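In full-length UniProt numbering, the protein residues as written are 1 to 695. Data block below; observations after.
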């Protein structure tokens, strides 16, 4: 274990050094990538600008391809002219300085990207190596932590802290302790055997006591349950007696209330039949009452007739004698009916008698309903009590059955243990003498245990002597304290390692986030670089720089056209734009080894040639969109030598042949013979001049 730990720890340190080197190389490569990306952004901006300049120049050069399609004598499809001087001059476009600069930038950008790809490949290889090394570091860290944990457990068993990096010392120490450990194990085995025997005897005795206490507790529970059941039975019987007394009292009160009406309670408990009889008597009463009402109605009718007759007698006195007999008959009939009513009512008032009978029937019905409800409630209570009594009787029967089962089980267990019954078991309990004898045996066993413990103490002393032979002189508490300190230090280191691993993981995540943000920044920086370069070249708030840039493009085209005319006029000179300037021109003198001369150093004749070439180029440039039919030249011919003058006149004649009108203002006499149409100004006297046109 220790040898394996030393090997793995050495591998772990080597991998950690490799990771540090990897991080340094990665940082250097990332810085190089950032620098190359910044340079790439600048080159892209410059290349974009140059590409746009080339596209603008190509637009101008595309006119030459269109000129190649022109046919002599045929009208131009753009301007309609039948003269095509540019096609006749066979102008050959040349590769401009802007295109050359663009090609150089493209080549430089390709080389830069190749270098950037190489650096990225190196960075990817380092990243793969770093991931592989980190995985190996994690695996080795886990393996070394496991070895340290197992070795710490081994040190705890030895009672001493031994360094894990010294495997030879540990091997010698393990060999010296093996024999002593075996002897201690034999002593410990004998001690455990005696302890097991004593523990078995105690468990058997405690089990018998617990079983006996459990049976006695069951018997007590059964006795208590029987007492509760008997108490509840007596309570139920008392409730039944009280219910019977209440029933008798209610029956007596009801009989007393029914007596004035000639009614009595039935001897048998048949309330429905008794109530049916009461309802029949009530219906008879209602029929008699209805008959009484009809009789009273007839009596009222008779009285009304009598009153009518009396009124008729008062009114018709003349018919009194004749109607007297009829009146007597009617009066007799009324008296007869009143006698019949009085006979039926026994001299009492019909209304009062009716009210009395109705009140008596209502009271009887109310009392009967009350008694019926009370009886139903009592019957329900009685049924409930009887149910509870039955349940308690069943519970008592179950308890008695469990008691019998418990007694049978106890008797069975006692018979299995060799006892005839409970009394025999109780008779076989330990006597005081037997208990004293067992205590004596227990003391002997404790003495044996003490002896064994003494042997264990001696063994511990021998072990301490063996430990004293070790290299350290520290005591056990000191060793334990050192072990605790090292354990705490190890835990602290493990926590720091875990914290560092967490920091590394966060760092890796932040690196990925940073790389993503860096790529986004680089993309924005490249885009910004292109626009920044374009802004530096043509950007301004007023648009002046862009105007200058556009004028520069036009001037570049004008210089090309002017140089074509200048080669015919005098091939010694060539016009070009001043490098670094937008609208300034300079002259290349090819007879002086391409010496560059500013315009202010030109002589009068040279200035006239350059100006004429520029004017002719400007005419060509303007003629692409607008037809120019006239060209006027004021003076300047006197500064030319005869050869150059002939060349200039020949060029002007070629222009005239294309249909243009050429006007020359000059005092040179040599021109008079070459110009066919002349406008002469002749000076006269008195400050007067005369214009004369001649051919």
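No residue lacks a Cβ here, since even glycine has one placed at the ideal position from N, Cα and C. A quick note: this is a predicted structure, and the numbers were derived from the prediction, not measured.
In the DSSP assignment, find the beta strand (DSSP E) that holds residue i and state where it starts and stops.
{"i": "residue 595", "result": "595-598"}
{"i": "residue 582", "result": "No beta strand (DSSP E) contains residue 582, which DSSP labels as neither H nor E."}
{"i": "residue 666", "result": "Note, residue 666: premise wrong, no beta strand (DSSP E); not H, not E."}
{"i": "residue 602", "result": "Looking at the DSSP string, residue 602 is not in any beta strand (DSSP E), and its letter there is neither H nor E."}
Where does residue i fall in DSSP's three states?
{"i": "residue 685", "result": "coil"}
{"i": "residue 674", "result": "coil"}
{"i": "residue 576", "result": "strand"}
{"i": "residue 641", "result": "coil"}
{"i": "residue 92", "result": "The predicted model places residue 92 with a pLDDT of 47, which falls under 50 and marks its position as unreliable; any figure quoted below should be read in that light. Of the three classes helix, strand and coil, the one that applies to residue 92 here is coil, per DSSP."}
{"i": "residue 607", "result": "helix"}
{"i": "residue 124", "result": "helix"}
{"i": "residue 694", "result": "strand"}
{"i": "residue 316", "result": "The predicted position of residue 316 is uncertain, since its pLDDT is 47 and thus under 50; a value taken from the coordinates is nonetheless stated next. Coil, per DSSP."}
{"i": "residue 103", "result": "helix"}
{"i": "residue 629", "result": "coil"}
By how many angstroms is the C-alpha of residue j removed from the C-alpha of residue i?
{"i": "residue 631", "j": "residue 639", "result": "20 Å"}
{"i": "residue 647", "j": "residue 569", "result": "6 Å"}
{"i": "residue 366", "j": "residue 376", "result": "15 Å"}
{"i": "residue 106", "j": "residue 113", "result": "10 Å"}
{"i": "residue 158", "j": "residue 477", "result": "Interpretation of residue 158 is limited by its pLDDT of 49, a score under 50 that renders its predicted location unreliable; the figure taken from the coordinates is listed afterwards. C-alpha separation (whole angstroms): 14 Å."}
{"i": "residue 42", "j": "residue 529", "result": "6 Å"}
{"i": "residue 550", "j": "residue 502", "result": "60 Å"}
{"i": "residue 697", "j": "residue 593", "result": "Absent from the model: residue 697. The displayed extent of the chain is 1 to 695, so no value can be given."}
{"i": "residue 483", "j": "residue 494", "result": "16 Å"}
{"i": "residue 455", "j": "residue 436", "result": "29 Å"}
{"i": "residue 535", "j": "residue 521", "result": "20 Å"}
{"i": "residue 556", "j": "residue 40", "result": "29 Å"}
{"i": "residue 45", "j": "residue 676", "result": "58 Å"}
{"i": "residue 515", "j": "residue 524", "result": "14 Å"}
{"i": "residue 563", "j": "residue 683", "result": "40 Å"}
{"i": "residue 527", "j": "residue 38", "result": "11 Å"}
{"i": "residue 55", "j": "residue 587", "result": "26 Å"}
{"i": "residue 673", "j": "residue 72", "result": "31 Å"}
{"i": "residue 649", "j": "residue 531", "result": "50 Å"}
{"i": "residue 606", "j": "residue 117", "result": "55 Å"}
{"i": "residue 642", "j": "residue 668", "result": "11 Å"}
{"i": "residue 134", "j": "residue 108", "result": "39 Å"}
{"i": "residue 572", "j": "residue 119", "result": "52 Å"}
{"i": "residue 655", "j": "residue 618", "result": "14 Å"}
{"i": "residue 138", "j": "residue 490", "result": "17 Å"}
{"i": "residue 373", "j": "residue 383", "result": "15 Å"}
{"i": "residue 439", "j": "residue 415", "result": "28 Å"}
{"i": "residue 486", "j": "residue 492", "result": "9 Å"}
{"i": "residue 164", "j": "residue 457", "result": "Bear in mind that the predicted position of residue 164 carries a pLDDT of just 49, short of 50, making it unreliable; the figure below should be weighed with that in mind. About 30 Å."}
{"i": "residue 33", "j": "residue 17", "result": "24 Å"}
{"i": "residue 441", "j": "residue 453", "result": "18 Å"}
{"i": "residue 622", "j": "residue 659", "result": "16 Å"}
Which whole-angstrom value is the C-beta distance of residue i and residue j, which I expect to be below 8 Å?
{"i": "residue 575", "j": "residue 559", "result": "5 Å"}
{"i": "residue 561", "j": "residue 620", "result": "5 Å"}
{"i": "residue 583", "j": "residue 552", "result": "7 Å"}
{"i": "residue 589", "j": "residue 597", "result": "6 Å"}
Using CA atoms only, rank isn't needed, just tell me which of the options is closest to residue i.
{"i": "residue 50", "options": "441, 614, 672 and 101", "result": "101"}
{"i": "residue 36", "options": "14, 99, 110 and 390", "result": "110"}
{"i": "residue 610", "options": "567, 583, 496 and 370", "result": "567"}
{"i": "residue 651", "options": "666, 622, 616 and 685", "result": "616"}
{"i": "residue 723", "options": "679, 548, 686 and 47", "result": "The question about residue 723 has no answer here: the residues shown for the chain are numbered 1 through 695."}
{"i": "residue 131", "options": "19, 27 and 32", "result": "19"}
{"i": "residue 99", "options": "136, 47, 645 and 668", "result": "47"}
{"i": "residue 665", "options": "649, 119, 134 and 633", "result": "633"}
{"i": "residue 123", "options": "290, 134, 30 and 115", "result": "30"}
{"i": "residue 103", "options": "596, 446 and 53", "result": "53"}
{"i": "residue 511", "options": "26, 136 and 645", "result": "26"}
{"i": "residue 580", "options": "481, 548 and 34", "result": "548"}
Would you say the beta carbon of residue i comes nearer than 7 Å to a heavy atom of the ligand NAD?
{"i": "residue 658", "result": "The model on display carries no ligand, and the ligand NAD is accordingly not part of it."}
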